[in-house]
Amino acid sequence: MAGLSKGSVAALIAAAAGALCLLLESSVPWLVKFPAAWVLPATDWVGAGLEWFLALIKPTARAFSALMFYPMEAANFVLSSTPWPLIICATTALAWTLGGVRMALMAVVGLGFVLASGYWPESMNTLALVAVSVPLALIIGGGIGILANEYPRIRQPVQAVLDIMQTVPTFAYLTPLLVLFGFGPVVGLIASAIYAAPPMARNVLLGLERVEPEIKEAAIMAGGTRLQQLFQCEIPSAGQQIMVGVNQCLMAALSMVIIAAVIGGFDDIGWEVLLTMRKAQFGQSLLAGSVIVIFAILIDRMSGTLTQDRRDKHDPRVAWGILALGAAVSAAFWSQVQQPGTYALFNPVADSVDAGLSAFTSANAEVLTALKNNVLFYVLLPVRIGLDQAVLPFTWGFAWTPAMSLWLFAAGAAAGAVCAIRGRLALGVMLLIAAGILETGVSQLPWPFVLVGAGALAWVAGGRNLAILTVVLLSTILLSGLWERALLSLYLSGAAVFACAVMGGAVGLASAVSPGIWRVVRPICDMLQTIPLFVFLIPVLMVFQIGEFSAFLAIIAYAIVPMIRYTRHGLVSTPDEMIEAATASGATKWQMLKDIRAPYAAPSILLGLNQTILYAFAMLVIAALIGTTGLGQSIYLALGQADVGLGISAGAAMAILALIADRMVQGFAEERRKALGL
Amino acid sequence: MTGSDTPAITCRNVWQVFGNNADSALKEALSNTDTAEDAAAELRGKGLIPAVQNASFDVKEGELFVIMGLSGSGKSTLIRCISHLLHATGGEIRIDGENIVEASPKRLIELRRKKLGMVFQHFGLFPHMTVADNVAYPLRVQGVKKKQRLAKAQEVIELVGLGGRETNYPRELSGGQRQRVGIARSLVADCSVWFLDEPFSALDPLIRRQLQDEFLEIQAKLKTTIVFITHDINEALKLADRIAIMRDGKVVQIGTPADIVLRPVDDYVREFSKDVAKGQHARVASVMQEGEHHVYGADDPGLRQDMTLDAALARCMELYEPVPVRTPEGKLVGVVNPADLAAALQVEQG
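Residue numbers (the numbering used here), protein chains in the order written: chain D, 7 to 684; chain H, 1403 to 1752.
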């Protein structure tokens, strides 16, 4: 074994485990399907333990909830009773101060659209929630960030907790909060504050850590006390990074407030989307979704200007003028501005969208169904349950026979052998494994093989510790009885991530090669990243109805963005010196891309893949709303039944999968970076 | 240099060790071994990093003391020990007789407000403050009223030649200008001990020379005690009253610029002086054959033993025979072969 690389050894071990499982499949059935008798009632234990704990802090929580009721009511009252011309003008004035004419125009047009759509009151309700939850999140997050910076001892644990909070799916937060705070808008408020605090904490900590050591030393040598150093020098120096935190905090809060509508059921814009979606009024749903998107874009772009290095000064007199105009209009037309919800200028549009949509779907029914069925029957299903069960005369036109399995394995082995002879043993063995997985199907992989395979992969990516962590964490899923659902989640997100990697990589490459393409792709990426998760479901549902395929598409739409961005960024950020050296050596454009840019971009592309995986997991739970099986569905079900044990366990299982994938890819990226000396 | 017996700065057996449990590890290593070398070796063996080892020296009041060494030699760590940005792991550091290693945090703040000033290699300017606010910051933390502190800041801003740029932000200044801000800020509180950590290393050669000259003028005016860090031997020789040379955490030689060039204690120090325009620092005495009985030629270009090599060579360019060397009083002390003069310059300039 001495001559084998780490990768080859790991691949061989995994292949051996897989082969063993296949051979013993008939004689030792528990190898393939984990016996139900071995499953620990962990879900119930978690539920019982948590319920005991929640009951303990419930009085405090309810008191807090009662306390939060007042600022929320106040915000609600202010926003809903202020006449709309004044709100629009105030926002425009703020936009002018932040970003000049362009930003002000954006605000006017955006809010004008909201007003015309008739969703003004609902929007104000949503904004009231955001207006209370964001300051809460900023204070909590900022406080945590500063404390973690002051006490290095708690920095590590805080980082770890923040990491985990980012991977736990949003819905999983909601169940315990539901038990603690009861139904109603306050849950949404608190959920969004909890969800939005980590990005703030992260950025504050990062910003403070990145303050140049000499600036910190200069503050010390000036004779400042610790508080003076912190508040007069370090925090202002970290201002830009902290503003990135504020921006992310705002976006997270908005996104969560809308998701919380699933349980909140109060008169806000998220609820409106959900309601119309359930009634299949897609035109209206799209309209309400657009309102959300407008708010997301306005909030993002306006707070985004705060993160810029050098901001232009804009004349404050203009801002005051706009504000005065708003007040004047409100006063002059006092009686007419009282009912902003009555405008419904876009209803005809929504109706025609509905009509057009049904015309479109019925006219193209064949094409759409064919597309959907082809992907389902020839791609998704085989990956899910394996060729041996997915190939049926009904869909494929012939039945799968054991002989075909043998042929498949033989083909895999032959391809693997060719690779092995050419000196790429690891690749060869992986081809063989891939053939095996395709034959068996991801959701029916024998559990010993998954444990060994994941452990081996983790060992290659991050050494012994990661391998142990991976096996232990996966075992907890196995023992808790969520294994099958976890594999289903793994299959769907795996398929989506693979699709994202291929398509996103291609688009990223094209954008890197041609600036023209990037000019088109970039705004689309910006747009997709600003849209709250929820809204992705609408257009997919419109065309493809409820089902796994729609979920698959929604996940791809959301998760493809980082892959595109990071691929392009990695490819174009090769240092000029390296490009010049390659040009001087006489490399063609393609050689440059293949030999210089691609290897240099590898760590960046891997990071993109990492983000894509995390995004896919995040979307998986949202996609459960429109029909997926697996952990996402469990979390959603738990929410409906207020089943804390199931909700938390399924959320934890999801977080475990995301965490393992994250650590592995990070491990590979780290290795590449080291190899390149970055 | 005013007449006081206590040195402005005293360092005795200063150690700075990085790693886990550095304090106890250092104590243990010192009690186990006899020499600093062995103690350092033991610490290294345990995976700790002895960045400064057993440094001892005095800096007199008003003296310009330069610490020189390559990167990683521990010079920046040492200056951070003295200014107590790092807590020295072992040893004693006295500033005007007061041991600052044991000073309370409160006392340290007081010391920094009244006595110490520091300039940083990458300037360490606060990006969110204007030039005037940056310079006035040490007064602001003391609670000086805005009007007063800006007036005082204006004085030092004029002193460093930045008048007219008070309302600029650091990002709008060139490197040389930024360091002027750094210098002004360190001077605003009338410090008596001034630390400069490679203040000119990040600047272009021309700007560097200009700032060095201005720095010497400021020093002549203020007469503060200065600890100056550099990796540039020419800068050290130009500025220093005395130089300490560091290598791998140890102070290997302390002496005047002439000592360092003429009497290097080892090859490491000699390597440094190779880069120096030796003709301007080495004297005739270093290549002379001593004694009165040597044979010499008919020409006597009038060499003195304390002449620099450059000056001596200029006088006997065309001569081939050995020439006499005399004291200023005219007494013969030895002879020098013009060829040796030239050879000394050639070889040692490498």
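Yeah, the Cβ is synthetic: ideal placement off N, Cα and C, and Gly gets one too.
Put simply, the segment 140-149 of chain D touches the segment 247-258 of chain D. At least three CB pairs are less than 8 Å apart. From the listed residues H:Gly1578, H:Val1590, H:Lys1676 and H:Phe1528, the smallest Cα separation to H:Ala1553 is found for H:Val1590. Closer than 7 Å at the C-beta level to chain D, one finds these residues of the segment 1468-1491 of chain H: Ser1485 and Leu1487.
Within the same chain, and ignoring the five residues on either side of H:Asp1498 in sequence, the residues whose Cβ sits closer than 7 Å to its Cβ are Thr1408 and Ala1410.
Annotation for H:Gly1578: Leu1605, Ile1609 and Leu1613 place their beta carbon closer than 7 Å to its own, counting only its chain and skipping 5 residues before and after.
A Cβ of chain D is located within less than 7 Å of the beta carbon of H:Pro1540. Straight-line spacing of the CA atoms in H:Val1697 and H:Glu1731 works out to 21 Å.
Closer than 7 Å to the CB of D:Glu223 there is at least one CB belonging to chain H. For H:Cys1413, the uninterrupted beta strand (DSSP E) segment begins and ends at Ile1411 to Phe1420.
Beta bridge pairing from DSSP links H:Asp1599 with H:Ile1631. The three-state reading of DSSP puts D:Gly459 in helix, counting H, G and I together. In the three-state DSSP reduction, D:Gln342 falls in the coil class, being neither helix nor strand. Distances from the alpha-carbon of D:Ala365 to those of D:Ala54, D:Val138 and D:Met548 put D:Met548 closest.
As the crow flies, the alpha-carbon of H:Gln1691 is around 29 Å from that of H:Asn1636.
DSSP places H:Pro1726 within a strand segment (E or B) once states are collapsed to three. The alpha-carbon of D:Ala630 is positioned some 27 Å away from that of D:Ile305.
Not a single CB atom of chain H sits nearer than 7 Å to the CB of D:Ser411. Counting only Cβ-Cβ distances below 7 Å, H:Phe1522 has contacts in chain D at Glu220, Glu223 and Ala224, in chain order.
Annotation: D:Glu215 to D:Asn155 spans about 7 Å, alpha carbon to alpha carbon.
For H:Gly1526, the chain D residues whose C-beta falls within less than 9 Å of its own C-beta are Glu218, Pro219, Glu220, Ile221, Lys222, Glu223, Ala224, Ala225 and Met227, listed in chain order. In the three-state scheme derived from DSSP, where H, G and I count as helix and E and B as strand, H:Asp1460 is classed as strand. Here H:Glu1557 is exposed, its C-beta having fewer than 16 other C-beta atoms within 10 Å. Neighbours of D:Thr231 in chain H, taken as residues whose beta carbon is under 8 Å from its own, are Ile1511 and Val1543 in chain order. Bridge pairing for H:Arg1706: H:Arg1728 [DSSP]. Look at the beta carbons and you see the segment 1469-1480 of chain H not touching the segment 190-197 of chain D: under three pairs across the two are nearer than 8 Å. D:Leu414 sits close to D:Ala441, with the two beta carbons spaced by under 7 Å. Under the 7 Å criterion on CB atoms, H:Arg1514 is classed as interfacial with respect to chain D. As a beta-bridge residue in DSSP terms, H:Asn1501 pairs with H:Arg1496. DSSP links H:Glu1692 through a beta bridge to H:Gly1736.
Out of H:Glu1619, H:Ile1451, H:Phe1630 and H:Ile1559, the CA that lies nearest to the CA of H:Val1461 is found in H:Phe1630. Under the three-state reduction of DSSP, H:Lys1652 is assigned to strand. Listed in chain order, the alpha helix (DSSP H) runs fully inside the segment 455-542 of chain D are 489-519 and 521-536, counting runs of at least 4 residues.
Taking a C-beta cut-off of 8 Å against chain H, the contacting residues of the segment 244-272 of chain D are Gly245, listed in chain order.
Boundaries of the beta strand (DSSP E) around H:Val1521: Leu1518 to Val1521.
Residue pairing from DSSP places H:Gly1657 in a beta bridge opposite H:Ile1645. Of all C-beta pairs linking the segment 530-543 of chain D to the segment 599-618 of chain D, fewer than three are shorter than 8 Å, placing the two stretches out of contact.
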